[in-house]
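Below: one structure, written as structure tokens.
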Amino acid sequence: GAGVSQTPSNKVTEKGKYVELRCDPISGHTALYWYRQSLGQGPEFLIYFQGTGAADDSGLPNDRFFAVRPEGSVSTLKIQRTERGDSAVYLCASSPRRQGETGSTGELFFGEGSRLTVL
Amino acid sequence: EDKVVQSPLSLVVHEGDTVTLNCSYEVTNFRSLLWYKQEKKAPTFLFMLTSSGIEKKSGRLSSKLDKKELSSILNITATQTGDSAIYLCAVTGTASKLTFGTGTRLQVTL
Numbered sequence: 008g009a010g011v012s013q014t015p016s017n018k019v020t021e022k023g024k025y026v027e028l029r030c031d032p033i034s035g036h037t038a039l040y041w042y043r044q045s046l047g048q049g050p051e052f053l054i055y056f057q058g059t060g061a062a063d064d065s066g067l068p069n070d071r072f073f074a075v076r077p078e079g080s081v082s083t084l085k086i087q088r089t090e091r092g093d094s095a096v097y098l099c100a101s102s103p104r105r106q107g108e109t110g111s112t113g114e115l116f117f118g119e120g121s122r123l124t125v126l
Numbered sequence: 274e275d276k277v278v279q280s281p282l283s284l285v286v287h288e289g290d291t292v293t294l295n296c297s298y299e300v301t302n303f304r305s306l307l308w309y310k311q312e313k314k315a316p317t318f319l320f321m322l323t324s325s326g327i328e329k330k331s332g333r334l335s336s337k338l339d340k341k342e343l344s345s346i347l348n349i350t351a352t353q354t355g356d357s358a359i360y361l362c363a364v365t366g367t368a369s370k371l372t373f374g375t376g377t378r379l380q381v382t383l
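Chain order of the listed sequences is V and L. Those letters in the first sequence? Residues 8 to 126, per this note's numbering, in order. Those letters in the second sequence? Residues 274 to 383, per this note's numbering, in order.
If you want it as structure tokens, here you go:
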């Protein structure tokens with residue numbers, strides 16, 4: 008597709024349930040990022056992939072959160088035993104190069120996000 | 274830990290006014306500062322400023338980086354209602370990630 012695609016756009020779940028959020032980056036983009044944005048806050052970094060590997064997962068809040076990118080394209084963010092505090096918009100972004108790499112414009116291309124509501 | 278602080282948190286202006294948004298940062302091994310505009314969900318890129326490019330301009334929008342003061346400003350002249358949005362400032366340092374501020378919510382009224 009032309010841009011970063013995220014599904015579902017909205018997800019309502021009950022406390023304790025498992026959820027998966029999917030991100031389809033721009034074709035050819037090697038770098039993929041997950042951010043979480045709560046109401047009134049800026050995006051908060053979760054994890055960064057360069058190709059298939061998680062190059063930096065320092066933003067994952069705890070071991071209930073996990074993300075994969077098995078073929079270096081589509082990524083899935085997985086949240087186990089959801090809690091009400093997990094409610095937020097989960098944003099995915101991709102970039103053709105690693106931030107700071109020679110030739111990088113610094114621009115991240117964001118998807119529309121997945122709004123997660125945990126009841 | 275990298276940190277970005279934006280001010281004001283929100284402001285309301287009349288169409289035609291000029292506004293200045295502020296961003297200050299703390300980052301290890303600064304690489305770049307970026308401005309994004311967020312109207313609904315997806316932030317869209319405005320500018321990237323680095324040590325070698327401390328001023329950028331595009332139409333009515335312009336931005337400057339002050340490396341000594343560890344800050345940046347985003348100026349919007351002759352504001353229009355379409356400029357209403359949240360403006361996000363972010364920095365990159367040693368790590369290959371963006372650290373965002375909380376944003377400035379701008380509302381432009383007729």
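Glycine included, each C-beta is placed from N, C-alpha and C at the ideal position.
Would you kindly report the start and end of the unbroken beta strand (DSSP E) that includes SER82(V)? In the first sequence, counting from the first residue as 1, residue 82(V) sits at position 75. In the DSSP assignment, SER82(V) falls within the unbroken beta strand (DSSP E) covering 82-86.
Range covered by the beta strand (DSSP E) that runs through ASN17(V): Against the first sequence, residue 17(V) aligns to sequence position 10. ASN17(V) -> beta strand (DSSP E) spans 17-20.
When DSSP builds the beta bridges, which residues end up paired with SER283(L)? What you label residue 283(L) is simply residue 10 of the second sequence in a count that begins at 1. The partner list for SER283(L) (beta bridge, DSSP) reads ARG378(L).
Bridge partners of ASN302(L), per DSSP? Mapped onto the second sequence, residue 302(L) falls at position 29. According to DSSP, ASN302(L) bridges with nothing at all.
Option nearest ASP290(L) by Cα separation, candidates ARG333(L), TRP308(L), SER325(L): The residue given as residue 290(L) occupies position 17 in the second sequence. When only C-alpha atoms are compared, the closest one is ARG333(L).
Span separating the alpha-carbon of LYS85(V) from that of GLY366(L): The residue you call residue 85(V) lines up with position 78 of the first sequence. The residue you call residue 366(L) lines up with position 93 of the second sequence. Distance from the CA atom of LYS85(V) to the CA atom of GLY366(L), rounded to whole angstroms, is 27 Å.
Contact residues within the region 69-103 of chain V, judged by C-beta distance below 7 Å to chain B: Given the protein chain composition of this structure (V and L), no chain B is represented.
Interface flag, PHE373(L) vs chain V, CB-CB below 7 Å: As a first step, residue 373(L) is located in the second sequence; it is residue number 100 there, counting from the start. Yes, contact with chain V.
If we require 3 or more residues per run, which beta strand (DSSP E) segments fall completely within the region 338-371 of chain L? Listed in chain order, they are 344-349, 358-365.
Simplified DSSP state of ASP63(V), which is helix, strand or coil: As a first step, residue 63(V) is located in the first sequence; it is residue number 56 there, counting from the start. Correct three-state label for ASP63(V): strand.
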